[in-house]
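*Asks:* To start, I am sharing the structure in question, which I have written as structure tokens.
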Amino acid sequence: MITKLWILINTLLDKIASFLPDPLLLAMRLYWGWQFFETGKGKLMNLDKTTEFFTSLNLPFPRFNVIMAGSTECFGGLLLLIGLFSRVISVPLVFTMVVAYLTADIDKVKGIFQEPDKFVSADPFLFMLTAILVFAFGPGKLSADYLLARRTRR
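Right, dumping it as structure tokens:
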């Protein structure tokens, strides 16, 4: 009796959950794509101030790196938002967030096992997690990538 009830409940939950990946991926792409865009735009609009910050982190070619990071975040965020070239753009977005961790938040990386809460609450974490999830699962059916793929299969 309990086994049949468990199977029934599990089957029902599986059916409900099967409708969730595409809206969830859309919500993540919309929110974090916009956040990437805003962050990148902020870097590009405040080039001198951001260059000073990158200089304080001892990054080589700080102005060039500001332009690269800002452009990647700004334009990558827009592509993520609409779901165009999603997996492709996820790679440089993840790379940019890894560099952010290793420069601005290196103490949180070093203490990942001693103080994991600090690691996951650092600014780059949710940006990086979103880019990794989009890379792993794709942008979902509610994306430009899906529409293009569907169109080319015809």
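Going by the working numbering, the letters in the sequence shown line up with residues 127 to 280, in that order. From the three backbone atoms N, C-alpha and C, an ideal C-beta is built for every residue, glycine too.
#1: Can you tell me whether DSSP reads ASP231 as helix, strand or coil?
#2: May I ask which residues mark the beginning and end of the alpha helix (DSSP H) holding ASN172?
#3: Does the distance from the C-beta atom of LEU274 to that of THR229 stay below 8 Å?
#4: I want to know whether the region 173–192 touches the region 234–252 - three or more CB-CB distances under 8 Å.
#5: Closer than 7 Å by C-beta to PHE221: which residues in its own chain qualify, once you throw out the five before and the five after it? Chain order, please.
#6: Just checking my contact of PRO250 with MET223 at CB under 8 Å: how many whole Å lie between their CB atoms?
#7: What are the start and end residues of the alpha helix (DSSP H) that includes ILE238?
#8: Assuming GLU219 and GLY202 make a contact with CB atoms under 8 Å, what is their CB distance in whole Å?
#9: Among MET254, SER269, ILE128 and SER182, whose alpha-carbon lies nearest the alpha-carbon of LEU210?
#10: Excluding the five sequence neighbours on either side, which residues of its own chain have a C-beta within less than 7 Å of the C-beta of ASP148, listed in chain order?
#11: Just checking my contact of LEU204 with SER212 at CB under 8 Å: how many whole Å lie between their CB atoms?
#12: Give me the residue from MET171, LYS234, GLN161 and ARG189 with the minimum Cα distance to GLU199.
#13: Which same chain residues, not among the five before or five after LEU183, have their C-beta less than 8 Å away from its C-beta?
#14: For ARG277, which three-state DSSP category applies?
*Replies:* A quick look at the data gives this:
#1: coil
#2: Where ASN172 is concerned, there is no enclosing alpha helix (DSSP H), given that its DSSP letter is neither H nor E.
#3: no
#4: no
#5: none
#6: 4 Å
#7: Note, ILE238: premise wrong, no alpha helix (DSSP H); not H, not E.
#8: The identity of residue 219 in the sequence shown is Leu, whereas the question assumes Glu. 5 Å between Cβ atoms; contact.
#9: SER269
#10: GLY266, LYS267 and LEU268
#11: So it is not a contact: roughly 12 Å between Cβ atoms.
#12: GLN161
#13: THR229 and ALA230
#14: helix
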